[in-house]
Structures are given as C-alpha cells and as structure tokens.
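Residue numbers (the UniProt record's numbering): 1 to 96.
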C-alpha cells in the first residue's frame, strides 16, 4: 500500500457526468462554455517522498513530466484541447 492518498471519486460516475455535460453542451449551443476548463485531483501525504511518489505515478500514467513547484508541491498536467487534467501534490496544512 502506498504511503500517499489520492483523493479520487467514482470513476464511472465522473466519466458518465463528463459525457452528459459534453452532450448537453453539444445539444444546447446557446449555453456558454468555459474558456479553459480543468479537472483536478489532489495527492495527500505527510512525507515529501510519498507525496512526490504519488504525483510521479500520476505523471507517468498521463505521459507527462512531473513538475516540482517548490515548497513541497508537485504537479502533473495534460492538455486535451482546451481542457486540462491536472494532479497536484499538496503538503500538509501545517506546511502550507
């Protein structure tokens, strides 16, 4: 079991919701759409190495490099047209 936790939701429900949103926007062209929408996931761990490992694992699956943002923050992001999927590793509250 990894020492990090990735806050994730119900995979099937999220995918169904994204498809329903896309269908709704396609069927209702008068509805405004965001300029640069994004979907994000957060990695939590008290230990920096574990937090980095969680973000690195996500970066590998996304096929993108892991970014060290400094001060214990790590990020991986992939663009799908104007839509961004990002994973961010955040240090514990006492270190923010």
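Just so it is clear, CB atoms sit at the ideal spot from N, CA and C, and this is done for glycine as well.
Query raised in the report: Whose C-beta lies closer than 8 Å to the C-beta of residue 91 among residues of the same chain, with five residues either side of it excluded?
Result: 48, 51, 71, 72, 73
Query raised in the report: Which two residues bound the contiguous alpha helix (DSSP H) that contains residue 58?
Result: 48–62
Report task. Evaluate residue 26 with the Cβ neighbour count: other Cβ atoms within 10 Å of its Cβ, from every protein chain shown; 16 or more gives buried, anything less gives exposed. Result -> exposed
Report task. State the DSSP-derived secondary structure class of residue 21, mapped to helix, strand or coil. Result -> helix
Query raised in the report: Taking DSSP as the reference, what is the three-state secondary structure of residue 77?
Result: For residue 77, the three-state secondary structure derived from DSSP is strand.
Report task. Could you tell me the distance, in whole angstroms, from the CA atom of residue 83 to the CA atom of residue 63? Result -> Just so you know, the alpha carbons of residue 83 and residue 63 end up roughly 16 Å apart.
Query raised in the report: By Cβ distance below 6 Å, which residues in the same chain neighbour residue 78 in space, the five residues on each side in sequence not counted?
Result: If we look at residue 78 and ignore the five residues flanking it on each side, its Cβ neighbours are 62, 64, 85.
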